[in-house]
Amino acid sequence: DEAQNTPPVQMKMALTRIGEGSRMVVTGDPSQTDLPPGVRSGLSDALDILPGIEDVAVARFSGQDVVREDLVAAIVSAYDARARRYADDSDNR
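Going left to right, the sequence shown walks through residues -19 to 73 as the working numbering numbers them.
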């Protein structure tokens, strides 16, 4: 859990220790990375590298999946909207 706060080298270390017949679930929210500026999240790195590998699955959730508190869902939605605006702005450059 909180895998967004692992640097790529730590994520690789954990993922390469999966034993035969084992399963690993890695959870985290790339939008909540607490790493220092300039340090890439190991979770984001893994999400870029691993899709398409047989037996690796990725489940993505949105603000609609937040079941804690309505306020938390609203906060997540606000951050998601801002991220979409920034992505749209960079696409238009």
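Backbone N, C-alpha and C fix where the C-beta goes; we use that ideal spot for every residue, glycine too.
Spatial neighbours of residue i in its chain, beta-carbon cut-off 7 Å, leaving aside the 5 residues before and after
i	result
Pro(-12)	Arg20, Gly22 and Asp25
Val36	Leu30
Between the CA atoms of residue j and residue i - distance to the nearest angstrom
i	j	result
Leu51	Pro10	20 Å
Glu34	Arg40	18 Å
Arg65	Ala53	18 Å
Asp14	Glu0	32 Å
Leu(-5)	Asp45	26 Å
Cβ-based neighbour list, residue i, same chain, cut-off 6 Å, excluding 5 preceding and 5 following
i	result
Met(-7)	none
Val6	Ala(-17)
Ser57	Gly43
Met(-9)	Gly22 and Ala26
Local conformation of residue i per DSSP, three classes
i	result
Gly(-1)	coil
Arg62	helix
Ser21	coil
Cβ-based neighbour list, residue i, same chain, cut-off 8 Å, excluding 5 preceding and 5 following
i	result
Val38	Leu27, Leu30 and Pro31
Minimum length 3: unbroken beta strand (DSSP E) runs contained in the region 30 to 58: Along the region 30 to 58, the beta strand (DSSP E) does not occur as any fully enclosed run of 3 or more residues.
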